[in-house]
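A.B. asks:
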Amino acid sequence: MDIRKRINELTDEVNYHNYLYYVLEDPVISDFEFDKLLKELSILEEKYPEYARADSPTKRVGGEPIEKFSQITHRIPMLSLDNTYSKEDVIEFDLKVKRFLNLPADKDIEYECELKFDGLAIELIYENGLFTVGSTRGDGITGEDVTENLKTIKTIPLRLIDKIQKPLKYIEVRGEVLMDKKAFKKLNEQRLKDNMPLFANPRNAAAGSIRQLDSKITSERNLVMFAYGIGEYSEELRFSTQFELMQKLKLLGFNINKETKIAKNINEALDYYEDIAAKRESFSFDIDGVVIKVNDIKFQEKLGELSKTPRWATAYKFIAKQATTVIRDIIVSVGRTGVLTPVAVLNSVIIGGVEVQRATLHNQDEIARKNINIGDTVLVERSGDVIPEVVKVVKKAGGVVNFQDSDYKNSESIGGRGNYFKIPNICPCCGSVAVIDGAAVRCINELACPCQIKASIVHFASKRAMDIEGLGEMLVDKFVENKLIKTVADIYYLHFEKENIEKLEGFGKKSIENLLNSIEKSKNIAYDRFIFALGIRHVGEHIAFLLIKYFKDIEGIKNASIEDLNSKFGIGEEIAKSIYNFFRLESNLDVISKLFAAGVNPHTVVSEKTGQSAVSPLYGKHFLFTGTLKNFSRDTAENAIKEKGAIAEKTVKKSLDYVVAGDEPGSKYTKAVKLGLKIIGEDDFMKLLN
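FYI, in our numbering the residues of the sequence shown are 937 to 1626.
1. Can you name the residues that DSSP bridges to L1060?
2. By Cβ distance below 6 Å, which residues in the same chain neighbour K1607 in space, the five residues on each side in sequence not counted?
3. Using a Cβ-Cβ cut-off of 8 Å, state whether T1088 counts as contacting chain B.
4. Starting from I1122, follow the alpha helix (DSSP H) in both directions and report where the run begins and ends.
5. What's the gap between the Cα of V1629 and the Cα of D1232?
6. Taking 7 Å as the cut-off, is the beta-carbon of A1199 closer than that to any non-hydrogen atom of the ligand FMN?
7. Any chance the region 1074-1092 sits against the region 1127-1141, with 3 or more Cβ pairs inside 8 Å?
8. Can you tell which of A1582, L1611, K1557 has the C-alpha that lies nearest to the C-alpha of Y1463?
9. Give the DSSP-derived three-state secondary structure of I1380 in the structure shown.
10. Terminal residues of the continuous beta strand (DSSP E) containing N1201?
11. Using DSSP bridges, identify the partner residues of I1212.
12. On the CB-based measure, 16 or more other CB atoms within 10 Å of its CB, does H1010 come out buried or exposed?
13. Can you tell me whether R1174 is buried or exposed? The criterion is at least 16 other CB atoms within 10 Å of its CB, across all chains shown.
14. Reducing DSSP to helix, strand and coil, say where E1164 ends up.
15. Given this structure, state the Cα-to-Cα distance separating S1269 from S1529, to the nearest angstrom.
16. Once the 5 residues before and after V1327 are set aside, which same chain residues still bring their CB inside 6 Å of it?
17. With DSSP as the reference, label N1140 as helix, strand or coil.
18. For the region 1164-1184 and the region 1101-1110, state whether three or more C-beta atom pairs, one from each stretch, are separated by less than 8 Å.
19. Any chance you could list the alpha helix (DSSP H) runs of at least 4 consecutive residues sitting entirely within the region 1490-1528, in chain order?
20. Please report how far the alpha carbon of N1124 lies from the alpha carbon of E1325, in whole angstroms.
21. Which class does R1570 belong to by DSSP, given the choice of helix, strand or coil?
22. If the criterion is Cβ atoms closer than 8 Å, does the pair S1392 and G1271 meet it?
23. Let me make sure I understand the geometry here. Which of L1282, P1364, I1153 has the alpha-carbon closest to that of L1297?
24. Between which two residues does the beta strand (DSSP E) carrying A1370 extend?
25. Please state if the CB of L1094 and the CB of F1067 are separated by a distance shorter than 8 Å.
26. Check Y1169 in the structure and name its three-state DSSP category.
27. Using a threshold of 8 Å, state whether the C-beta atoms of Q1300 and I1380 are closer than that.
28. At what residues does the beta strand (DSSP E) containing L1560 begin and finish?
29. Indicate whether the contact test is met: 3 or more Cβ pairs, each with one atom in the region 1189-1204 and one in the region 1040-1047, closer than 8 Å.
30. Does DSSP put K1229 in a helix, in a strand, or in coil?
31. For the alpha helix (DSSP H) containing F1175, list its first residue and its last residue.
32. On a Cα-Cα basis, can you pick out the residue from G1074, A1496, D1054 that is closest to L1114?
33. To which residues does DSSP link A1584 through a beta bridge?
34. Can you look up F1360 in the DSSP assignment and give me helix, strand or coil?
35. According to the Cβ coordinates, are V1371 and N1517 closer than 8 Å?
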């Protein structure tokens, strides 16, 4: 078999079926058949990465995280649209077009009408048919390079399908990235379950997904893109109307909206608006109006643009589902990760046929920007499944914030001065200090705050931390709800609660004994894993390893200043502050003391031959595993090297000391070969361990 030829055939075939499924919505093969083709391609590309094409559909899963986005200047500015909520303004737009073109007022102008999606505008550049660069609209002149994230969206062709007969040397395609209502609802349900801040609407969710530094996260968000126009393009592309352009974009492989229609005059365009307004809730995506464009391209060229908007198009927007009401109270809830989230309690109001009593206020920055306080009369907006939000203050009440909880009624508050609500700098859940963390305010009492305790315990007991087998999420829920565990330290006192545990449903003597044995076994743990288990914000396995490497133990870390933490290994001020604040909190130190008193015995790696701390031959070495090992699972292999003070990496980099290759290694192996890294097999790896 000619491998290169087969990879090319499969790449073309899978891309074509993606086009049929996602763009035309007319698949000709089953999901099973499609998956077989994709799997065959994936296997061949792993074995022969040198033949993998840049437009391979396997690249849609996302690549390595980046540090920041670079800036891109648009060759032709991405203008915004003039918009209106008034029928009279739309009629006036039609008259202005005719006046500019020196046409009589009763002359019919043909318009192309399309949905106005509420998403994120982007530009895609194709050179010789291949997708090379993708960027956000930004300020219209300059946007951010989000190429890798856009590659994960299945409705964006990585190579043009090219059914217009003449291959294009160059084209800039413009479109809108969206998240549909189902995907948005599912995402927010998961974030609610995880006690993470919710996205206010699908547009924010789509924008946040596109601006992820890790494209793998973007790939999981089920985004779609609809094309609506072009920027610069090579002369091979010919079209005389906006509608014809859209059909040609469809032939090139782009997703265009099926509701796009031609209106013979402005009255038909107004009818189109009414028709879309009547069925807007039935669409799977949020739309906030319709766009009306002069259809004739020559007319568009004559009309030209103003400084920020084209003269040949306007957006006729829907009046949002809004109502005014009064904020009776503002409550602050504490999520699983300690984020304090403000919610407005409203005088009940009907919006779009639904009773609304609460609305999100997002965070302190939003409250300050909108100048929101208790007693204010506010405009509240609701759209579909989106959480109602306070849009703006209509009338100030001049009221003063009244915290009902006496524990923090008179406390100093975060956010500075001003007649707006201040999120308290005291956690309403546990009374500990809350600090500003980016846009959020966060309780730093990770180990003892009742609102965070379940997540803290699950993390503490997890395989990569203390590795307490059997102590999973469901069990933690039961123990916390029955007040058997209040902090992570209580895990090591559960043997005093055997009788109470036996009363819980699903527990027998054997299962209790297994759990207690697992807890006992976990007491002897590598020091860096113990630090990681504490759940200090921003401290992952690698930072935990470095902390022990430079500061030796808890006492060394606790006594380090922010400057010490920052200067030792360049972790940055934000992480240094997080570590410093964690060890300033008495409740955290109490929990650590109880852990030590219960017999938890973290240790640095010791060489059996010398008895000296941290002198294992593997100490400080960086490993990466790829492929399937016969004698180890991936987690077991990584834990084995960590016990000897080595570091398990997830990405290929020049600083790696060893790449351990098992059966059927993936693309990481190929990258390692190209970088000339030291690659060893499983047998050599076992010799190193021993």
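Note that CB positions come from ideal geometry on N, CA and C, so glycine has one too.
C.D. replies: Let's see:
1. The sequence position of residue 1060 within the sequence shown is 124, counting from 1. L1060 pairs with G1070, V1109.
2. As a working note, residue 1607 is residue 671 in the sequence shown. Hits under 6 Å: V1588.
3. Note that chain B does not occur in the displayed structure, where there is just one protein chain.
4. Against the sequence shown, residue 1122 aligns to sequence position 186. Correcting the residue type first, residue 1122 is Lys in the shown sequence and not Ile. 1117-1129 is the span of the alpha helix (DSSP H), which, as asked, contains K1122.
5. Outside the displayed span of the chain (937 to 1626) sits residue 1629, for which this structure offers no information.
6. The ligand FMN is not part of this structure, which contains no ligands at all.
7. no
8. One-based indexing of the sequence shown puts residue 1463 at position 527. Among A1582, L1611, K1557, the Cα nearest to that of Y1463 is on A1582.
9. Here residue 1380 refers to the residue found at position 444 when the sequence shown is read from its first residue. Reduced to three states, the DSSP call for I1380 is coil.
10. Along the sequence shown, read from residue 1 onward, the residue named residue 1201 stands at position 265. Taken as a continuous stretch (DSSP letters only), N1201 belongs to no beta strand (DSSP E), as it is neither H nor E.
11. Along the sequence shown, one-based indexing puts residue 1212 at 276. BP columns for I1212 are empty, so no partner.
12. Indexing the sequence shown from 1 puts residue 1010 at position 74. Buried, by the Cβ-count rule.
13. Position 238 of the sequence shown, counted from the start, is the residue given in the question as residue 1174. By the neighbour-count rule (16 or more Cβ atoms within 10 Å), R1174 is not buried but exposed.
14. Locating residue 1164 in the sequence shown gives position 228, where the first residue counts as 1. The question names Glu, but residue 1164 is Tyr in the sequence shown. Per DSSP, reduced to three states, the secondary structure at Y1164 is strand.
15. Counted from its first residue, the sequence shown places residue 1269 at position 333. Counted from its first residue, the sequence shown places residue 1529 at position 593. One Cα belongs to S1269, the other to S1529, and the distance between them is close to 29 Å.
16. What you label residue 1327 is simply residue 391 of the sequence shown in a count that begins at 1. So the qualifying residues of the chain are L1315, E1317.
17. Taking the sequence shown and counting its residues from 1, the one referred to as residue 1140 is at position 204. DSSP places N1140 in helix when its eight states are reduced to three.
18. yes
19. 1490-1494, 1498-1505, 1509-1518
20. The sequence position of residue 1124 within the sequence shown is 188, counting from 1. The sequence position of residue 1325 within the sequence shown is 389, counting from 1. About 15 Å.
21. Along the sequence shown, one-based indexing puts residue 1570 at 634. Residue state, collapsed to three classes: helix.
22. Position 456 of the sequence shown, counting from 1, holds the residue named residue 1392. Position 335 of the sequence shown, counting from 1, holds the residue named residue 1271. Not closer than 8 Å, so no.
23. If you number the sequence shown from 1, residue 1297 lands on position 361. Considering only alpha carbons, the answer is L1282.
24. On the sequence shown, position 434 is the one that residue 1370 refers to. According to the DSSP assignment, A1370 belongs to the beta strand (DSSP E) that extends over 1370-1373.
25. For the purposes of this step, residue 1067 is taken as the residue at position 131 of the sequence shown. For the purposes of this step, residue 1094 is taken as the residue at position 158 of the sequence shown. Yes. Within cutoff.
26. The residue given as residue 1169 occupies position 233 in the sequence shown. Of the three classes helix, strand and coil, the one that applies to Y1169 here is strand, per DSSP.
27. The count along the sequence shown starts at 1 and reaches residue 1300 at position 364. The count along the sequence shown starts at 1 and reaches residue 1380 at position 444. Their beta carbons are not under 8 Å apart, which means Q1300 does not touch I1380 by this criterion.
28. The sequence position of residue 1560 within the sequence shown is 624, counting from 1. Start and end: 1558-1562.
29. yes
30. Here residue 1229 refers to the residue found at position 293 of the sequence shown. Strand, per DSSP.
31. The residue given as residue 1175 occupies position 239 in the sequence shown. Per DSSP, F1175 belongs to no alpha helix (DSSP H) and is neither H nor E.
32. The residue given as residue 1114 occupies position 178 in the sequence shown. Checking every option, the nearest Cα to that of L1114 belongs to D1054.
33. Here residue 1584 corresponds to residue number 648 of the sequence shown, with the count starting at 1. Paired residue(s): F1559.
34. Numbered from its first residue, the sequence shown carries residue 1360 at position 424. Correcting the residue type first, residue 1360 is Pro in the shown sequence and not Phe. Here P1360 sits in strand by DSSP.
35. Here residue 1371 corresponds to residue number 435 of the sequence shown, with the count starting at 1. Here residue 1517 corresponds to residue number 581 of the sequence shown, with the count starting at 1. The answer is yes: Cβ separation under 8 Å.
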